[in-house]
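Please read the structure below before turning to the comments.
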Amino acid sequence: MPKQKTKSSAKKRFKLTGTGKIKRKHAYKSHILTKKSKKRKLALTHSGLVHEADVNSIKEQLRLK
């Protein structure tokens with residue numbers, strides 16, 4: 251039986267934390283930054299966690315499930 255491959259897009263976008271949660275980066279931080287406030291850009295810099303509704307599908311893409 252061949253090995254299952256992880257989705258390349260998912261492995262580039264998500265990381266697993268030590269406690270098993272999935273970490274993600276915020277969108278809207280790559281271009282057209284001049285019109286966004288400093289406060290907004292700083293808030294987008296910090297990474298967040300994936301919403302619990304999306305965890306199962308992302309774990310499936312990362313072949314953790």
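All residue numbers for the sequence shown refer to this note's numbering, where the first residue is 251 and numbers rise by one.
For glycine and all other residues, C-beta sits at the position ideal for the given N, C-alpha and C.
Treat the numbers as computed from the prediction; the structure is a model and nothing was measured.
At the level of alpha carbons, what is the spacing between residue i and residue j?
i: Leu294; j: Lys288; result: 10 Å
i: Thr284; j: Leu292; result: 13 Å
i: Asp304; j: Lys315; result: 13 Å
i: Arg290; j: Glu310; result: 32 Å
i: His281; j: Asn306; result: 30 Å
i: Lys279; j: Thr267; result: 22 Å
Would you call the CB atoms of residue i and residue j closer than 7 Å?
i: Leu299; j: Thr256; result: no
i: His273; j: Lys265; result: In the sequence under discussion, the amino acid at residue 273 is Lys, which differs from the His named in the question. Yes. Within cutoff.
i: Lys275; j: Ser297; result: yes
Below 8 Å on the Cβ atoms is my guess for residue i versus residue j; work out the distance and round it to an integer in Å.
i: Ala260; j: Ile308; result: 6 Å
Segments assigned beta strand (DSSP E), at least 3 residues, entirely inside the segment 266–304: 272–274
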